[in-house]
Amino acid sequence: LSRSTLELYKNIVNDLPPTPSKFHYIFNLRDLSRVYQGICTSTPERFPKLENFIRLWRNECLRVFHDRLIDQKDKTIVQVLIQKLVEENFPKIEEFVSRDPCLFGDYRTALQFCFFTQDEPESEPRLYEDVQDFDAAKALFQEILEEYNEDHTAMNLVLFEDALDHLTRIHRIIRMDHGHSLLVGVGGSGKQSLTKLASFSAGCDVFEIALSRGYDETAFREDLKVLYNKLGIENKKTVFLFTDSHVAEEGFLELINNMLTSGMVPALFADDEKEGIIGSMRDEASKNGFGPAKESIWQYFVSKCRDNLHIVLAMSPVGDQLRVRCRNFPGMVNNTVIDWFMPWPEQALFAVATSFLGENQMIPEEHVDQVIFAHQSVGKYSELFAQKLRRNNYVTPKNYLDFINSYNSLLEKKDQEILKMCERLDGGLQKLSEATEQLNELNKKLAKTEACRTLLNDITIKTQTATEKKELASAKATEIEEQNKVWKINSTSLYMEKKDAEESLAEAMPALEAARLALQDLDKSDVTEIRSFAKPPKAVQTICECILVMKGYREISWKTAKAMMSEGNFLKSLMEMDVDGIGSNQVRKLSAGFLKVLGVGLPEMKGISTAGHGMMKFVEAVMGYCEVAREIKPKREKARLNYHQSKRELDKINKELAALSEELNALGLKYEQAIAEQRQLQEEAEIMERRLRAADKLISGLGSENVRWNIELQELKERRVRLLGDCLISSAFLSYEGAFSWEFRNSMVYEDWVKNVAQRKIPLSDPFRLESLLTDEVEISKWGSEGLPPDELSIQNGILTTRASRFPLCIDPQEQALSWIRKKEEKNNLKESSFNSPDFLKQLELAIKYGFPFLFKDVDEYIDPVIDNVLEKDVKGGQGREFVVLGDKEVDYDSNFKLYLTSKLSNPRYSPAVFGKAMIINYTVTLKGLEDQLLSVIVKFERKELEEQRERLIQETSENKKLLKDLEDSLLRELATSKGNMLDNTELIETLDETKSKATEVTEKLAMAAKTSADIDKLRDGYRPAARRGAILFFVLSEMAVINNMYQFSLASFLGVFDFSLRKSLPDSILHKRLKNIIDTLTHNIYNYACTGLFEKHKLLFSFQMTIKLEQDQGHTAQEELDFFYKGNIALEKSRQA
């Protein structure tokens, strides 16, 4: 094994020598010790067999020698060397040893030990072992990641195979004694995230410095003191994560180099601080066998810090910076294990895309291949971009993640927008359909107008009849009422007569009652006495016979009288006798017969018989009553009959009166119903008429909209299906295209991506235009009125500036972006500053807090890392409060905040990290864009009123387009939100009518403006040849920078020469002569202007370039001929092959 290790070492040193691009290919004996340090972490329990141990050896060799290599060719060399050694020395186990993946670590039980410190011994040791495969490693680290996210800022990591590989390597280094690592990869590769997760699984804290304005070596030393207190006094195993963005001063790396080589920074602590540390560590040092001397205790503190410290450097390989730093600070290579991050492999790209896009139900899984294709194609175009134009564009994993997130968010946003538009259009069309149906119903009702009129006539006739009957009934009721009053008077008279008769009878009643009372005085013995007479006294017999007559007996005799008196209730029957029932014959019989012959009075009778006296008294009283009744009774009977007759007639009158009243009420009800029905029909007729007018106004007014909205609704439904492809290409454009020129953008988007999407049969608009999805005519017109040139590149730049998820960093040598942003954000209280301003941090803080737009102008290649959190939109907090860390402060974050950065450098060399943090946008002027600008300058000089009219027209067109869009939105909103019967909503109809009339007026204005604009453009195009010449000459000037970087010409100075040429050229009333004078004067002045700054040897070259470009513009010189002139036969052959 040792021989194999030495042979491998010698072969690697011979086969992989250091070069400028492979400066870190420096291998020494430290690397051999690292191999054996890894082997010594093994235990017999986990590596019981030879094949297990040799596989461990292979892993350690790969980690030490293989992981630092920068390309697949070099990696293959090392893999072949190791495999060859295994085949030669261990042929039987070669297959097992060479099996991939090679993942070794002690993180299987990491969660059990993540929370232990050195003071809390682990219950069982963590064993270094073979994890076997990626699935096992992913399951373990996924669990660790979930635990990490519970207590730390959540990291949404996709643990694909390449990430697991690097994660295992970093974890292995941190678990080694004095293990330090140098991670090399472009920004966004995941170096920091993987380090944090690996540190957590290794049971270590992570320490990072926070840069602030003016952060220098003194501040860095203070932070290091905090770190060493954690390491030594608090006894915490800590990973010091230090990135290239933390290198505010190169002197920082000198301190890092000392930490890597000796474990301590010289003179870090002042004497008094050192004394304090020694005092606090004295007892602990004594327990661990160190002497009481200060040097001994300090040495214990340093060794403890060194044991607990693991440094992880995360650096970018781009440029010469890392090579220079490693040469100046050799500890960065000699004292670290290097892990070189390669670009994400296709498996990683697929895993990440599947993970994030899989959550979106609208995106099929097969679309992931197109996402990967787009990302990989940008890398190829970036290489071509660097070759052709010597401009850099870096494609980092951050761009890929941004692309995926943009695709998700853009698709969801546009889908919601289309759904809302469909709902509004559908709502508006539905309301129009309802109005049409109501109009049809109204027309049907109008067909029944004659029936309505007949009904109204019937109701009128019925009303008149009811009124007449009501009047007759009222008269009859009055007449009956009068009769009723007469009958009431007659009834009263009859009643009085009846009353007088009854009162006369009542006067005879007391005597009758007295006689009855007298009968009560008699008892049964008195009657028995009379009855006992065989022959009673004559007077007594006569009285008894009178009683027989009164009671109606037919046989009048003493015998009958005795039988009568023998009845048990004789006296009672007398007292209860109905005297009114004694007839006139009986009275005559008594008065003419029996009483006439009686011959005795009451006194005499009393002497004869007590009972006879009483009965005589009774008989006389009855006879007296009958005498009175004989006179009164006929009168009373007559009065009774008259009274009852009157009462019957009165009842009859009352019934008639009630019947008339009922009939009157019924007639009144019918009358009211007739009136109500008449009123209802009249109201319906009025409503019908009003609705007809409203429906006519609505249907005729919105007839064209109805057709157009139906077409738009169908188009929107089709467009929603095509969103998958449209949003995919648009989001790729927003994530990758900013730094490219127009030619590269056009080729990438409209040739590669569109073609590939079509081949994969992903729904896509045909023809596809970025502008149609990401902006609209209204916004483009608004940008034009704010000063953005109207060419396609500038519009794309406007889209990138306003729609990209990252803040824009504009490469703006002609300051077009600067002037546009100023005008665009002027009303939003734009704040401006630069990194050279001493108080830019304070101004930025206020802008973030209050939501103002902020502009960093004149940005060079160095971007102060203090604003990294702002650039990356690293906003923390929840719903209650959102903040961003700016330097050492937490600043409240307003969602309205916007950040702009502009650079006057024509070709700045930004690092991949900057490309990942900001949206680099190439605002370098194009030939067509500059031609249009120069045309405006010429026309403003030659025909000032025409240019002013054009500018005014652009402004009005922008406003009118916005107004027209707002009016149509308002029209749909009013229709969709209307409730109830729309034809009854007068206010809505008026609003719609007013909106429609305004929209028609605005449309007419836009049509007139378009016609006027066409006329103006026709007049302006007459001056275009001079503008074209000026644009060509400017680009000839700009291209001289390729010859020598000193040859830099600004657009502002060129415009000065252009304006001077317009003033100095000879005037002429004939246009083509005037143009010839301008072109000749301009060409001569530009040549003289350029030659003042050119070396003599380059003046002829400049003349040649001017001539060639002008000839090419005229079509007189072919590019193939020019290439042949420059390069000979080879160029021609390449041209033919192409």
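Numbering-wise (my numbering), the sequence shown opens with residue 7 and increments by one. Where is the CB? At the ideal position from N, CA and C, for every residue including glycine. Only a predicted model underlies this, so the values are computations on that prediction, with no experimental measurement involved.
Residue i burial status per 10 Å Cβ neighbour count (16 or more: buried)
| i | result |
| --- | --- |
| D278 | exposed |
| I88 | buried |
| S322 | buried |
| H1148 | It is not possible to answer for residue 1148, since the shown part of the chain is limited to 7 through 1144. |
| F226 | buried |
| N1051 | exposed |
| H619 | buried |
| H1122 | exposed |
| C332 | buried |
| Q802 | buried |
| F539 | exposed |
| R64 | buried |
| F746 | buried |
| Y856 | exposed |
| T402 | buried |
| T342 | buried |
| K923 | buried |
| T932 | buried |
Which listed residue (the options) has its alpha carbon closest to that of residue i
| i | options | result |
| --- | --- | --- |
| I1092 | G1062, L1077, H1104 | G1062 |
| E1117 | N1051, H1104, R1034 | R1034 |
| G375 | T963, I768, H252 | The amino acid occupying residue 375 in the given sequence is Asp; Gly does not appear at that position. Measuring from the Cα of D375, the nearest candidate turns out to be I768. |
| K971 | M427, L233, L75 | M427 |
| I1076 | N752, L806, E948 | E948 |
| S104 | I60, V593, V137, R114 | I60 |
| I179 | P844, I344, V164 | I344 |
| K1004 | D845, P1031, R1030, K967 | K967 |
| T82 | E94, V92, G44, L68 | L68 |
| D874 | L847, Q885, E1007 | L847 |
| G385 | D1129, F53, P349, V358 | P349 |
| K934 | T115, D880, F750, G1036 | G1036 |
| D326 | L1057, H316, D250, G883 | D250 |
| F213 | N235, Q1120, V164, G196 | N235 |
| S199 | I176, L892, N660, G209 | I176 |
Cut-off 6 Å between Cβ atoms - residues of its own chain near residue i, not counting five sequence neighbours on either side
| i | result |
| --- | --- |
| A823 | C816, T908, Y929 |
| G337 | N263, L266, T267 |
| I805 | L780, T781 |
| E721 | none |
Residues bridged to residue i (per DSSP)
| i | result |
| --- | --- |
| C816 | T908, I927 |
| W346 | V190 |
| S1059 | In DSSP, S1059 forms no bridge with anything. |
| S839 | F862 |
| K895 | L892 |
| G111 | E135 |
| D586 | Answer is none; D586 lacks a bridge partner. |
| V212 | V245 |
| G883 | E888 |
Cβ shell of residue i (< 8 Å), same chain only, five flanking positions each side left out
| i | result |
| --- | --- |
| Y306 | M287, E290, A291, N294, F296 |
Limits of the unbroken beta strand (DSSP E) element including residue i
| i | result |
| --- | --- |
| M321 | 315-321 |
| D900 | Note, D900: premise wrong, no beta strand (DSSP E); not H, not E. |
| V245 | 244-249 |
Distance cut-off 6 Å: residue i Cβ against heavy atoms of the ligand MG
| i | result |
| --- | --- |
| R114 | Questions concerning the ligand MG fall outside what the structure shown contains, since it holds no ligand whatsoever. |
Contacts around residue i, its chain only, beta-carbon distance under 7 Å, and the 5 residues preceding and following it disregarded
| i | result |
| --- | --- |
| D818 | L824, T908, S909, K910, Y929 |
| L554 | I562, T566, A567, M570 |
| K28 | I76 |
Enclosing alpha helix (DSSP H) for residue i [first to last residue]
| i | result |
| --- | --- |
| T566 | 564-571 |
| I1084 | 1077-1097 |
| G337 | 337-340 |
| L237 | First-last for L237: undefined, no H or E at that position. |
Proximity test, Cβ basis, 7 Å: residue i and chain C
| i | result |
| --- | --- |
| M270 | In the displayed structure, chain C is absent; only one protein chain is listed. |
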